[in-house]
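Residue numbers (my numbering): 139 to 615.
Think of the CB as a built atom: it goes at the ideal place given N, C-alpha and C, for glycine as much as any other residue.
Right, one structure below, let's go through it.
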Amino acid sequence: MPVFEYAPAPESRAIANLKDHYKPFVNGEFVDGSGEPLKTINPATEEVLAEVGTASKSDVDTAVKAARKAYTGVWSKMPGTERAKYLFRIARLIQERSRELAVLESLDNGKPIKESRDSDVPTAAAHFFYHAGWADKLEYAGYGPNPQPLGVAGQIIPWNFPLLMLAWKIAPALATGNTVVLKPAETTPLTALVFAEICQQAELPPGVVNILPGAGDIGASIVEHADIDKIAFTGSTEVGKAIQREVAGTAKKLTLELGGKAANIVFEDAPLDQAIEGIVNGIFFNQGHVCCAGSRLMVQESIAEEVLEKLRYRVSTLRIGDPLDKNTDIGAINSAEQLAKIQGLVEAGDAEGAQRWTSPCPVPDRGFFFAPTVFANVHQSMRIAREEIFGPVLSVLTFRTPDEAVTKANNTPYGLSAGIWTEKGSRILWMANQLRAGVVWANTFNRFDPAAPFGGYQESGFGREGGRTGLEAYLDV
Ligand code: NDP
């Protein structure tokens with residue numbers, strides 16, 4: 139039931155400066171990787187965007203050697219004031235090329251341009267600005283008078299926030315004096331390779347940043363490499379566990395940012411219209427491809443019907459379609475595999491007896507799209523309440539008392555984030571103390587700031603990214 143008619147308002151794809159072929163970036167240069175080239179597609183149209191050269195195991199070795207040489211020869215010796223200048227330059231260049239990066243990200247990932255333009259790219263720049271500020275102040279960070287870097291960091295990132303996850307990884311590593319070998323996800327390598335161009339533009343010394351496109355086996359080769367000092371991984375819990383097993387017994391330091399199944403808890407005294415916006419943002423932002431998504435809505439029983447009614451109305455106004463259209467709210471699912479996973483879990487929800495409502499919005503015929511979906515009458519034992527769907531699908535449960543809300547919210551093997559909606563400040567503080575989640579938002583959701591540490595409990599991983607605490611992961615402390 140759309141309220142307004144919108145004329146198409148597409149951003150120009152020419153801004154992306156799309157090339158036919160992209161290459162791995164090793165020792166300051168784009169090189170022919172010796173892996174099998176991959177084709178990256180636009181998930182909104184299924185067209186091939188570009189061919190991308192990939193790394194092989196021997197390229198991983200070359201990149202680690204380049205990173206080691208840059209670490210010992212240049213980067214670890216450089217005063218923090220000088221390293222900071224490079225980070226500032228990178229941040230400014232991300233800003234200068236922000237439209238190009240935003241359009242390219244939306245083409246390769248499928249996310250709406252308004253999100254890549256207003257959230258991903260500015261927050262990526264903000265991470266470099268923030269960490270540039272730390273580079274010459276590390277002795278005041280609380281890790282001793284002269285904290286030392288670790289060495290070469292191997293970093294593996296997922297497809298849901300390609301440029302932003304790169305920034306979360308690379309900015310603190312460089313600020314603290316480490317060098318980097320990073321693998322972007324197979325389905326979203328393009329903005330990482332434009333970032334490599336930015337490293338060249340910033341005249342970053344060769345080898346400080348190396349970027350190796352490839353599949354999971356290249357990630358595994360980075361993890362296994364004997365001359366890597368630290369592994370930082372964001373992705374699925376399954377792969378995170380495999381990495382932890384591999385790293386066990388070695389001297390490698392490890393941080394894992396894994397999956398989630400966050401409870402977004404709405405009390406009867408909450409400002410409801412504000413809460414509805416927060417619920418929508420919590421689960422439909424980035425098609426629900428968000429590790430901290432508020433995918434389990436928990437509503438106090440007395441307002442459950444009212445919330446569901448308002449929510450269905452609001453969700454029915456979301457526009458799904460062309461990611462490059464400035465009016466699009468929900469873009470494409472990143473891959474056919476992810477779409478199949480979402481469909482499978484939604485079918486499980488039907489089979490287990492949850493009550494499904496799907497937005498009647500028109501869905502494009504081509505590309506990987508999934509209409510926003512809300513399941514009511516969800517029980518804790520159902521798969522849709524327990525497993526990470528990683529798509530635009532919300533599971534709604536109810537509770538009667540704050541204690542019951544806490545018990546149900548904590549009934550998960552994950553523990554990445556949670557949301558609380560209530561007028562009562564005392565209840566916010568009490569709930570936040572009880573919830574086993576790394577981040578708790580109150581009367582808002584999905585707020586990110588480079589100064590705020592982010593990370594999980596239990597199967598959501600360990601270690602923090604961002605803020606002063608995030609520096610620890612890259613220092614020998
Ligand atoms: P993965 O965990 O497989 O991918 C994350 C990154 O790890 C990618 O770069 C991937 O490479 C790489 N990788 C894969 N296997 C290995 C390995 N054995 N060793 C080292 N690196 C490896 O996530 P998927 O993309 O397969 O998504 C599956 C599910 O994971 C999603 O449905 C979602 O539930 C969850 N997920 C959670 C994320 C989060 O932020 N918490 C992010 C992404 C997914 P490549 O992509 O090239 O295979």
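For the region 194 to 209 against the region 338 to 357, are there 3 or more C-beta pairs whose distance is under 8 Å? Yes, the region 194 to 209 touches the region 338 to 357.
Can at least three beta-carbon pairs, one atom from the region 179 to 197 and one from the region 459 to 473, be found at a separation below 8 Å? With a cut-off of 8 Å, the region 459 to 473 and the region 179 to 197 count as touching, because enough Cβ pairs lie within range.
Taking the straight line between their C-alpha atoms, what separation do you get for Thr607 and Pro498? A straight line joining the alpha-carbon of Thr607 with that of Pro498 spans about 44 Å.
Which listed residue (Pro300, Ile295, Ile308 and Glu277) has its alpha carbon closest to that of His265: For the set Pro300, Ile295, Ile308 and Glu277, the Cα lying nearest the Cα of His265 is the one of Ile308.
Unbroken beta strand (DSSP E) run spanning Ala580, endpoints: Taken as a continuous stretch (DSSP letters only), the beta strand (DSSP E) holding Ala580 covers Val577 to Ala580.
Does the pairing of the region 201 to 221 with the region 293 to 310 give three or more beta-carbon distances under 8 Å? Contact fails: fewer than three Cβ-Cβ distances are below 8 Å.
Start and end residues, beta strand (DSSP E) containing Asn348: Residues Val347 to Ile349.
Which value, in whole angstroms, describes the spacing of the CA atoms of Val186 and Asn584? Take the alpha-carbon of Val186 and the one of Asn584: they are about 32 Å apart.
Taking the DSSP output, what are the residues bridged to Gln293? Partner(s): Leu320 and Ala370.
Integer Cβ distance of Ile295 from Leu320, believed to fall under 8 Å: About 7 Å; that satisfies the 8 Å criterion.
Which one of Ala380, Pro260, Gly529 and Pro344 has the shortest CA to CA distance from Ala358? Ranking the options by Cα distance to Ala358, first place goes to Ala380.
Is the CB-CB distance between Gly378 and Glu526 below 8 Å? Going by C-beta atoms, Gly378 is not nearer than 8 Å to Glu526.
For Lys448, collect the residues of the same chain with a Cβ closer than 7 Å to its Cβ; drop the 5 residues on either side in sequence, then sort them by chain order. Result list for Lys448: Leu410 and Ile414, in chain order.
Taking only the alpha-carbon atoms, compute the straight-line gap between Leu477 and Ala279 and give it to the nearest angstrom. If you take the alpha carbons of Leu477 and Ala279, they lie about 43 Å apart.
Val534 lies in the alpha helix (DSSP H); which residues open and close that run? Val534 -> not in any alpha helix (DSSP H); beta strand (DSSP E) instead, spanning Val531 to Phe537.
For the region 201 to 244, which segments carrying the alpha helix (DSSP H) assignment without a break, of at least 4 residues, lie completely within its bounds, in sequence order? Whole alpha helix (DSSP H) segments, 4+ residues: 218 to 234.
Any non-hydrogen atom of ligand 1 closer than 7 Å to Ala323 Cβ: Checking the Cβ of Ala323 against ligand 1 gives yes.
Rounding to the nearest angstrom, what Cα-Cα distance links Gly282 and Asp503 in this structure? In a straight line, the C-alpha of Gly282 is about 58 Å away from that of Asp503.
Can you say whether Phe507 is buried or exposed, counting buried as having 16 or more other CB atoms within 10 angstroms of its CB? With 16 or more other Cβ atoms inside 10 Å of its own Cβ, Phe507 counts as buried.
Can Thr372 be considered in contact with ligand 1, in the sense that its beta carbon sits closer than 7 Å to one or more heavy atoms? Result yes, Cβ under 7 Å from ligand 1.
Please report the residue range of the alpha helix (DSSP H) in which Gln476 lies. Segment Ala474 to Ala489, the alpha helix (DSSP H) holding Gln476.
heavy atom of ligand 1 below 7 Å from Ala397 C-beta: The sequence as given places Gly at residue 397; Ala does not occur at that position. At least one heavy atom of ligand 1 is nearer than 7 Å to the Cβ of Gly397, so yes.
CA nearest to the CA of Lys390, picked from Glu376, Tyr451 and Pro287: Among Glu376, Tyr451 and Pro287, the Cα nearest to that of Lys390 is on Pro287.
Cβ-based burial, His159 [other Cβ within 10 Å; buried from 16]: Per the 10 Å Cβ criterion, exposed.
Please go through the same chain and pick out, in chain order, the residues whose beta-carbon is closer than 6 Å to the beta-carbon of Asn165, but skip the five residues on each side of it. Excluding five sequence positions before and after Asn165, the CB atoms of its chain that fall closer than 6 Å to its own CB belong to Ala204, Pro344 and Gly345, given in chain order.
Checking the sheet assignment: what are the DSSP bridge partners for Thr393? Per DSSP, Ala370.
Any 3 or more C-beta pairs closer than 8 Å across the region 436 to 448 and the region 592 to 605: Short answer: they don't touch.
Can you tell me whether Gln518 is helix, strand or coil according to DSSP? It is coil, neither helix nor strand.
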